[in-house]
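Worksheet: the structure to be examined is printed underneath.
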């Protein structure tokens, strides 16, 4: 009698708790490791998301910025933490770290949770350049692979150059001869472009806003399936070349390997609510970031593809 | 359009509060011997990281200007330079105080500092935008020479001993090679440790070198019985009269300070030493050993060390290259706050950058009344026993190192570099070239590699571009002149010593 009553009482109590739990993550103070410095693009996107998660759950979600080692330090921190949902981190391109001997992450080192942002790579040239389309660039590189100085806007094994080199591989360019020049970030690469130091810069579109608005550079193509709403004049590689090569950088949430599926589903649901919020959507639009959603299962497959694409390109560049 | 935005930005009550609080903070830190303007800026970082961009930068600008002036106070009253920038004229200032002329000594300091600061702010506001358009034609070749010039100036001009300066510089450059190779991303000297993958963070090393080592040095000096301070009379009228009578000296100091500040790698201490040397050797008035001569030297050097602050922001905001270690901190704060220094800053956010420039004017005008107040309140600050002050500062150091990197290893780094810095300083090895090596080393390596990749290994590209080749010739000229004069000086000494020996 007593048992059944307390059971019924317990069930009555737990029902609303369970319903709430579907969106309520974090249920205790937790941290989100951002693998870039405070104030940059990654920091902006994830702070925006964390603010919503915090508000919905009523629990603090602290952003910890660990940008050292190009992001390796931050990823190492959350990959080595307990898989209980109290520490998660930014999921972004990771396959290059292992190939450069910087870390040993594979897609199995993480528990994918959700992807919230994707910014396609773009090809930018100086205003007045004779190269006015991605097709012309491909033809030129096919004839003389070393004739153009290409700034990667970041290390030359990262987000921006991987889709570009993939496309050139498909086009039959001898990519080992490409003159790829690493820059410390897109701003440095674009400065080189403006001063005539390089011929092509690979970066995201929003990063070129200032110099394009000043009439100093021109966007030639973007690596996405469709034209971007914010940049309707920039043609896609898919339309120009007839090849569906897309890529760029992306940001999501992942945890250490071995998280319970129930926990992952709960965090994923909470992140989805935050992603769909007006604040997040308009905040992303304001800064020109692409709000793109992927659930845990889709992200897992996407991460595998990312590893394969990166491996193919880096192997081709360093035979 | 921009002007009205700037004015409305300046009227923000929170900004005014931040500027006022930072001014008081800078004055207190600068007035405590051993605590530098650099440390004042570094310790501000954890507090301003949570502010909006403009108040954050305004806080550092104000605090550093105030700290540089406030360094004159203990320098004059206790013969202990509050900051290295005041060290050049400590003897002169202290001598005047001992002869009962505290008001004119400190008054000359505060007035010359304010005028020097205002002068460089004017140059900054007028010249930075035009320099910005020039800067857009800078490629990796120009940056390479600029970086090399900064390193050369810092080492060849600053230290008394060329060998010790070079030793420190190469130590800094060696530190800069740890971590991922800036071009290919291959880990170097990390011994498999993830903590070393990012290299040595600038702020933990700075805190270790300049703050912790200074605390250790001070802890080694037995507390002496303090002398009674001579009374300080009314300051304002005496100093205004003094300012007019030394107007040539103020102008000279402001010019030298601004130019030295613009050179990447040379900061306020260098500006003070160079202008002091110019005043002492270059004019009849500055050569005299009486009160007026001392005042002339104080005026020139005080104007110069404050003027260098504004000058240093020209390469900082236009090129993103630090003119000194303080502007290095400002650059990192600006990056964190999304105000990316560089030529495009003037196109993207003109209101923001001009508001920051306007803060320079505000800070230097506020320096006069606040500085005089500080001189009055100084006795009380100096009487605080080190037993209470030292642990508090150490606590700030730990918080500062951790808050920038978010790793406990950063605190360990600060401690290790504190001991190392103390050891180096105790042996007369200057620390500034090592820090500049750490800052400029990666820049020089990156731009060298980028240039070589672009030119496919052809070295002549370093002399091919118009601006680049000029920078190259200036850099090489600096080497030739400085090394040449050192060699000639050494030969002369040897020749002079020979007849005595025989």
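Chains as they are written, first to last, in UniProt numbering: chain L, 1 to 319; chain D, 1 to 502.
C-beta: ideal position from N, C-alpha, C; glycine also.
Keep in mind the model is a prediction, meaning the values are calculated, not measured.
* residue 226 of chain D, buried or exposed, once every other Cβ within 10 Å from all chains shown has been counted against 16 -> The predicted model places residue 226 of chain D with a pLDDT of 43, which falls under 50 and marks its position as unreliable; any figure quoted below should be read in that light. By the 10 Å Cβ count, residue 226 of chain D comes out exposed.
* Element boundaries [alpha helix (DSSP H), containing residue 151 of chain L] -> Taken as a continuous stretch (DSSP letters only), residue 151 of chain L belongs to no alpha helix (DSSP H), being part of the beta strand (DSSP E) at 149-151.
* Among L:169, L:59 and L:52, which one has its Cα closest to the Cα of residue 317 of chain L? -> L:169
* From what residue to what residue does the beta strand (DSSP E) around residue 132 of chain L run? -> First-last for residue 132 of chain L: undefined, no H or E at that position.
* Could you check how far apart the C-beta atoms of residue 140 of chain D and residue 390 of chain D are, in whole angstroms? I think they sit under 8 angstroms. => Not really, about 45 angstroms apart at Cβ, beyond 8 angstroms.
* **Cβ of residue 260 of chain L within 7 angstroms of any chain D Cβ** => no
* Which whole-angstrom value is the C-beta distance of residue 311 of chain L and residue 158 of chain L, which I expect to be below 8 angstroms? -> Not a contact, Cβ separation roughly 14 angstroms.
* Answer with yes or no whether the minimum CB distance from residue 137 of chain D to chain B is below 7 angstroms. => Of the protein chains in this structure, namely L and D, none is chain B.
* Asked: Can you tell me whether DSSP reads residue 180 of chain L as helix, strand or coil?
  -> strand
* Can you tell me which of D:414, D:296, D:470 and D:402 puts its alpha carbon nearest to the alpha carbon of residue 111 of chain D? => D:296
* Asked: Any idea what DSSP makes of residue 225 of chain D, helix, strand or coil?
  -> In this prediction, residue 225 of chain D has a pLDDT of 46, which is less than 50 and means its spatial position is unreliable; nothing more can be read from the coordinates.
* Compile a chain-ordered list of the residues in the stretch 42-67 of chain L whose CB is closer than 9 angstroms to at least one CB of chain D. => 43, 44, 64, 65, 66 and 67
* Is the shortest distance between the beta-carbon of residue 320 of chain L and the beta-carbons of chain D less than 7 angstroms? -> Since the first residue shown for chain L is 1 and the last is 319, residue 320 of chain L is missing from the structure and cannot be characterised.
* Cβ-based burial, residue 240 of chain D [other Cβ within 10 Å; buried from 16] -> Exposed is the call here.
* Asked: So with Cβ pairs under 7 angstroms, would you call residue 317 of chain D a contact of chain L?
  -> no
* Cα-Cα separation between residue 67 of chain L and residue 203 of chain D, rounded to whole angstroms -> 14 angstroms
* Can you give me the Cβ contacts of residue 5 of chain D inside the same chain, cut-off strictly under 6 angstroms, excluding the 5 residues immediately before and after it? => 351
* With a cut-off of 7 angstroms, does the C-beta of residue 149 of chain L fall near any C-beta of chain D? -> yes
* Asked: Does residue 252 of chain D have its Cβ less than 7 angstroms from a Cβ in chain L?
  -> no
* Quick one: is residue 61 of chain L buried, meaning 16 or more other Cβ sit within 10 Å of its Cβ, or exposed? -> buried
* Using the beta-carbon count (16 or more within 10 Å), is residue 343 of chain D buried or exposed? -> buried
* To do: Can you give me the start and stop residues for the alpha helix (DSSP H) that residue 319 of chain D sits inside?
  => 291-319
* Positions along the stretch 200-222 of chain L whose CB lies within less than 7 angstroms of some CB in chain D -> 210, 211 and 214
* Asked: What are the partner residues of residue 464 of chain D, as DSSP defines its beta bridges?
  -> Answer by DSSP bridge pairing: none, since residue 464 of chain D is not bridged.
* Short Cβ contact (7 angstroms threshold) for residue 346 of chain D with residue 53 of chain D -> no
* Just to confirm, are residue 507 of chain D and residue 440 of chain D a CB contact at a threshold of 7 angstroms? -> Since the first and last residues shown for chain D are 1 and 502, residue 507 of chain D lies out of range.
* Proximity test, Cβ basis, 7 angstroms: residue 406 of chain D and chain L -> yes
* When the Cβ atoms of the stretch 227-237 of chain L are set against those of the stretch 75-83 of chain L, are three or more pairs found closer than 8 angstroms? -> Taking a cut-off of 8 angstroms for Cβ pairs, the stretch 227-237 of chain L and the stretch 75-83 of chain L do not touch, as fewer than three such pairs fall below it.
* What residues in its chain sit with their C-beta under 6 angstroms from that of residue 104 of chain L, if we drop five residues either side in the sequence? -> The residues 98, in chain order, have a CB closer than 6 angstroms to that of residue 104 of chain L in the same chain once the five nearest residues on each side in sequence are set aside.
* **Identity of the residue in L:287, L:195, L:238 and L:25 nearest residue 51 of chain L by Cα** => The residue with the shortest Cα to Cα distance from residue 51 of chain L is L:25.
* Asked: Can you list the residues of chain L that residue 177 of chain D reaches, using a CB-CB cut of under 8 angstroms?
  -> Per Cβ cutoff of 8 angstroms: no residues; residue 177 of chain D is ~15 angstroms from chain L at best.
* Is the CB of residue 137 of chain L under 7 angstroms away from at least one CB in chain D? -> So, not an interface residue.
* Any C-beta of chain D sitting closer than 7 angstroms to the C-beta of residue 181 of chain L? -> yes
* Kindly identify the DSSP beta-bridge partner or partners of residue 204 of chain L. => L:121
* Give the DSSP-derived three-state secondary structure of residue 157 of chain L in the structure shown. => In this structure, residue 157 of chain L counts as coil in the three-state DSSP scheme.
* Distance cut-off 6 angstroms: residue 169 of chain L Cβ against heavy atoms of the ligand HEM -> Of the ligands one can find in the structure shown there are none, so the ligand HEM has no counterpart to examine.
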